[in-house]
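**Q** For the sequence shown, this note's numbering begins at 31 and goes up steadily by one. Built from N, CA and C at the ideal position, the CB exists for glycine as well. Can you read through this structure? Questions will come right after.
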Amino acid sequence: MRSVIAHVREGNILVADGAMGTFLQQKGLEMGTCPELWCIDHPEEIKDIYRKYREAGSDMVECNSFGGSRYKLNQYGLGERTAEINKAAASLARDVAGDTQYVLATMGPTGDFMEPYGLETEEGFYDAFKEQAQALEDGGADSIIVETMTSIDEAAVAVRAAKENTNTTVIGSFSFDPEGDGRYASMMGVTPQDFAQRIIRENPDVVGTNCGTGPDEMIEIVRQLREALPHTPLMAMPNAGIPEVENGTTVYKETPEEMAKKVPALAQAGASIIGGCCGTTPEHIKAMKKAATDISST
Ligand SMILES: [Zn+2]
31 MRSVIAHVRE GNILVADGAM GTFLQQKGLE MGTCPELWCI DHPEEIKDIY
81 RKYREAGSDM VECNSFGGSR YKLNQYGLGE RTAEINKAAA SLARDVAGDT
131 QYVLATMGPT GDFMEPYGLE TEEGFYDAFK EQAQALEDGG ADSIIVETMT
181 SIDEAAVAVR AAKENTNTTV IGSFSFDPEG DGRYASMMGV TPQDFAQRII
231 RENPDVVGTN CGTGPDEMIE IVRQLREALP HTPLMAMPNA GIPEVENGTT
281 VYKETPEEMA KKVPALAQAG ASIIGGCCGT TPEHIKAMKK AATDISST
């Protein structure tokens, strides 16, 4: 298979998976336990989730490795098993993906903060993301997505570590909240423009946005990223709408059909990798894949 970036540069749209966490909860993952350990303890359940998205038509199997950095695993006393867990996450995905689908490995935030906001050093973060990225590539990942980041410095270190230590296609993705009047920014005030200008210095292959908003808002965020980066491939993984709280639980209400309708506008704005974040299911991905295929064939 050609590399992810070669495929995208030819003008193809790739569709990635939807949410993982809700699926794990349905399968019995208990609150306060480590989701990534399921790659070792419940490999068949993890493969079943991967397979459901593959059957929905996704082009990229997303690994259960979001919280797989040593920092995050340390919270469960599992730091020493970082390489083993990440390698398993990717190799289970490779089993399911075969040679017709890509393996997209995710690296999420450490949950800690670097100096001067926290006690951790940049070197410590770099080493942790390097360790995770290398294990994911060892397991068979084609691509690594640094995602749901809200600290621009942490996103930059993670992208640099993946770029410098693997041959995968590296995606740098950030989450923005709506600020009203078509403006978006992270909790710390980072706008799509700020993010684009900072992250591009680390040479990511693809720049993107995930979580934080639904597809309507993300169309505008992708436009702003495109304005800042006219030639860089872009990615968008929206939530299934803006979350609403009902009876104390967070729900996402956008239907597969509603999300699929927005795929052409996301592509038009510049996104060439499109997937789903919180609240999205295989049904969403199936409808979005169909919409993406319709664009490619017209
Ligand atoms: Zn999300």
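Run the CB neighbour count on Met217, radius 10 Å, all protein chains shown included, and call it buried at 16 or more, exposed below.
**A** The residue you call residue 217 lines up with position 187 of the sequence shown. Exposed.
**Q** Leaving aside the five residues before and after Val220 along the sequence, list all residues of the same chain whose C-beta is less than 6 Å from its C-beta, in chain order.
**A** Start at 1 with the first residue of the sequence shown, and residue 220 comes out as number 190. Closer than 6 Å at the Cβ level, and outside the excluded window around Val220, lie Ile182.
**Q** Taking the alpha-carbon positions, what's the Ile229 to Gly87 distance?
**A** Here the question's residue 229 lines up with position 199 in the sequence shown. Here the question's residue 87 lines up with position 57 in the sequence shown. Near 30 Å, if we compare the C-alpha coordinates of Gly87 and Ile229.
**Q** Just to confirm, is the Cβ distance from Val34 to Ser173 under 9 Å?
**A** Translated into positions along the sequence shown, residue 34 becomes position 4. Translated into positions along the sequence shown, residue 173 becomes position 143. For Val34 and Ser173, yes; Cβs fall inside 9 Å.
**Q** Terminal residues of the continuous beta strand (DSSP E) containing Ala301?
**A** Position 271 of the sequence shown, counted from the first residue, corresponds to residue 301. Its beta strand (DSSP E) spans residues Ala301 to Ile304.
**Q** Quick one: Cα of Glu313 to Cα of Leu166, how far?
**A** Within the sequence shown, numbered from 1, the residue matching residue 313 stands at position 283. Within the sequence shown, numbered from 1, the residue matching residue 166 stands at position 136. Cα to Cα, the separation comes out at about 27 Å.
**Q** Indicate, with yes or no, if ligand 1 has a heavy atom lying under 8 Å from the CB of Thr178.
**A** Sequence index remark: in the sequence shown, residue 178 carries index 148 (1-based). Yes; taking the cut-off as 8 Å, the Cβ of Thr178 has a heavy atom of ligand 1 nearer than that.
**Q** Using three-state DSSP, classify Ala120 as helix, strand or coil.
**A** For the purposes of this step, residue 120 is taken as the residue at position 90 of the sequence shown. DSSP places Ala120 in helix when its eight states are reduced to three.
**Q** For the alpha helix (DSSP H) holding Pro208, just list the boundary residues, first then last.
**A** Reading the sequence shown from its first residue, position 178 is the one you call residue 208. That residue, Pro208, is in no alpha helix (DSSP H); its beta strand (DSSP E) goes Asp207 to Gly210.
**Q** Anything with a beta carbon under 5 Å from a heavy atom of ligand 1 counts; list them all in chain order.
**A** Listed by chain position, these are Cys241, Cys307 and Cys308.
**Q** Looking only at its chain, what residues have a beta carbon closer than 6 Å to the beta carbon of Val2, apart from the 5 residues adjacent to it on each side?
**A** The question about residue 2 has no answer here: the residues shown for the chain are numbered 31 through 328.
**Q** In the structure shown, what three-state DSSP assignment does Ile272 receive?
**A** As a first step, residue 272 must be located in the sequence shown, where it is residue number 242. It is coil, neither helix nor strand.
**Q** Asn42 to Pro208, Cα distance in whole Å?
**A** Along the sequence shown, read from residue 1 onward, the residue named residue 42 stands at position 12. Along the sequence shown, read from residue 1 onward, the residue named residue 208 stands at position 178. Each residue's Cα considered, the two are about 29 Å apart.
**Q** According to DSSP, is Leu108 helix, strand or coil?
**A** Counting from 1 along the sequence shown, the entry for residue 108 is found at position 78. Correct three-state label for Leu108: coil.
**Q** Are the beta-carbon atoms of Ala120 and Met267 separated by less than 9 Å?
**A** As a first step, residue 120 must be located in the sequence shown, where it is residue number 90. As a first step, residue 267 must be located in the sequence shown, where it is residue number 237. Against a cut-off of 9 Å, the Cβ pair of Met267 and Ala120 comes out as no contact.
**Q** Going by Cα to Cα distance, which pick from Leu122, Val176, Met137 and Lys316 is closest to Val293?
**A** Against the sequence shown, residue 293 aligns to sequence position 263. Checking every option, the nearest Cα to that of Val293 belongs to Lys316.
**Q** For Gln162, which residues in the same chain have their Cβ closer than 6 Å to its Cβ, ignoring the five residues on either side in sequence?
**A** Start at 1 with the first residue of the sequence shown, and residue 162 comes out as number 132. So the list reads Gly98, Ser99, Asn116 and Met137, once near-sequence residues are dropped.
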